[in-house]
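*Asks:*
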Amino acid sequence: MPDELPVKVVFLPGLRGHVEDHWQTRLARLYPNSVTVPPLSENGLSRLARVENLARTLQSISIPVVIVAHSAGCMILAHWASGHVEGQVVAALLATPADLETPLPPGYPTISDLADGKWLPVPKSRLPFPTLLAASRNDPLCSYSNACELAKSWGSRVEDLGEVGHLNPVAGFGDWPAGKVLIDRMLSLEKDRTGIERSAD
C-alpha cells in the first residue's frame with residue numbers, strides 16, 4: 569500500500585500467546601507500521617480483560633485502523649464493537665472465527681469456562697465497519713455453516729478458503745500468502761473511501 573495512506577494494520581490474535589510461526593506473526597513483518605495486540609500474562613480467559621487490552625492498543629493509535637483478527641480474536645472484536653461506535657476502525661478481516669457457543673475440541677476452553685469468562689452470548693449485531701469473514705470448510709473450531717451464520721449476523725462478506733483447518737500452524741499456516749491479498753483488499757477500502765472524500769472537496 570502507498571506510504572501516504574495513513575492506515576495502521578492491527579493484528580488481533582485469539583487466546584494464544586506469541587507464536588513465532590503463526591501467519592499473523594509473519595504477516596506483521598510485511599507491514600512495518602503494524603501493531604499486534606499483546607498477549608495477556610494474567611486473566612487470559614477474561615473477556616473483559618481481552619476487550620480492554622484491545623481498547624488500550626487502539627487508544628495508543630491516532631490514525632485509522634484495519635484489524636486482522638483470528639479465531640477468538642474475532643469474538644474479542646465483536647464484543648469491543650458492541651460498546652464502541654467511533655470510526656477509528658475502518659475495516660476488519662475476520663479469519664476463521666472460533667465458534668464459542670458450540671463445544672470446542674479437547675484442550676480448548678469448555679462452554680462453562682467461556683461462560684465464566686463472560687464470553688457468552690457472542691454479540692450478533694451488525695458490525696459498524698466493513699468486514700470480510702474468511703471461513704474454512706474443515707475448521708475443527710467452527711463449521712462452515714456456523715461461520716456463514718456469524719457473517720450474516722455481523723454483516724460480513726464471506727471468503728471461502730476451502731479446507732484450511734483452523735488456519736494455524738497445526739494446519740500448515742505458517743505462511744499464508746493469500747492473507748496478505750485479503751489484508752490489502754481491506755486496506756483498499758479505506759484508500760477508496762478517502763479518495764472519494766478528497767475528490768468531493
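With this note's numbering, the residue at position 150 of the sequence shown is 718, and numbering never jumps.
C-beta: ideal position from N, C-alpha, C; glycine also.
1) State the CB to CB distance for the pair L608 and R618, rounded to an integer number of angstroms; the pair is presumed to be in contact (CB under 8 angstroms).
2) In the DSSP assignment, find the beta strand (DSSP E) that holds E727 and state where it starts and stops.
3) Taking the CB atoms as reference points, tell me whether R615 and W687 lie closer together than 7 angstroms.
4) From S628 to V578, what distance separates their C-alpha atoms?
5) Taking its Cβ as the centre, do 16 or more other Cβ atoms sit within 10 Å of V633, making it buried, or is it exposed?
6) What does the alpha-carbon distance come out to for the pair R597 and E588?
7) P737 by DSSP, collapsed to three states: which one?
8) Tell me which residue opens and which closes the beta strand (DSSP E) that T670 is part of.
9) Of the residues E731, E727 and G641, which one's Cα is nearest the Cα of P708?
10) Could you say if the stretch 653-664 and the stretch 672-684 meet the contact criterion of at least three C-beta pairs nearer than 8 angstroms?
11) Let me know the secondary structure DSSP gives K576 once reduced to three states.
12) Could you give the distance in angstroms between the alpha-carbon of E727 and the alpha-carbon of S602?
13) What beta strand (DSSP E) runs, 3 residues minimum, are completely inside the stretch 690-718?
*Replies:* Taking the definition as stated:
1) Taking 8 angstroms as the upper bound for CB-CB distance, L608 and R618 are in contact here, some 7 angstroms apart.
2) Counting along the chain, the beta strand (DSSP E) containing E727 begins and ends at R725 to D728.
3) Cβ distance < 7 angstroms, so R615 and W687 count as in contact.
4) Straight-line Cα distance between these residues: approximately 11 angstroms.
5) Of the other Cβ atoms in all chains shown, 16 or more fall within 10 Å of the Cβ of V633; this residue is therefore buried.
6) Linking R597 to E588 through their CA atoms gives a straight-line distance of about 11 angstroms.
7) DSSP places P737 in helix when its eight states are reduced to three.
8) Element bounds for T670: n/a, residue is neither H nor E.
9) Looking at the Cα atoms, E731 is the closest of the given residues.
10) Remark: fewer than three beta-carbon pairs, one from each stretch, lie closer than 8 angstroms, so the stretch 653-664 and the stretch 672-684 are not flagged as touching.
11) Correct three-state label for K576: strand.
12) Near 23 angstroms, if we compare the C-alpha coordinates of S602 and E727.
13) Whole beta strand (DSSP E) segments, 3+ residues: 699-703.
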